[in-house]
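Anchor point for the sequence shown: position 47 equals 46 in numbering that gives the first Met the number 0, and the numbering is continuous, going up by one each time.
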Amino acid sequence: MGRPPRQTPPAELCRRLEEVEAENRELREQLTVAEVRRELAQALPQVSRAAAALPSL
0 MGRPPRQTPP AELCRRLEEV EAENRELREQ LTVAEVRREL AQALPQVSRA
50 AAALPSL
């Protein structure tokens with residue numbers, strides 16, 4: 000009836016897997032950076048207030 004599904008060559012699959020893994024690593028790094036920035040944004044006002052309350056040297 001219909002033709003069989005196209006078989007992707009193993010080399011192409013390996014190359015694509017490497018691309019997807021690299022993209023995944025990059026996205027994880029971006030997410031980590033975003034999380035750190037968010038945490039810093041939350042902490043900096045508290046640090047600024049604490050620093051302002053310290054006696055001058």
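Heads up, the beta-carbon is just placed ideally off N, CA and C, and yes, glycines get one too.
In the DSSP annotation of this structure, P3 is not part of any alpha helix (DSSP H), being labelled neither H nor E. Residue range P9 to A52 is occupied by the alpha helix (DSSP H) that includes S47. CA-to-CA, the gap between R36 and L16 works out to about 30 Å.
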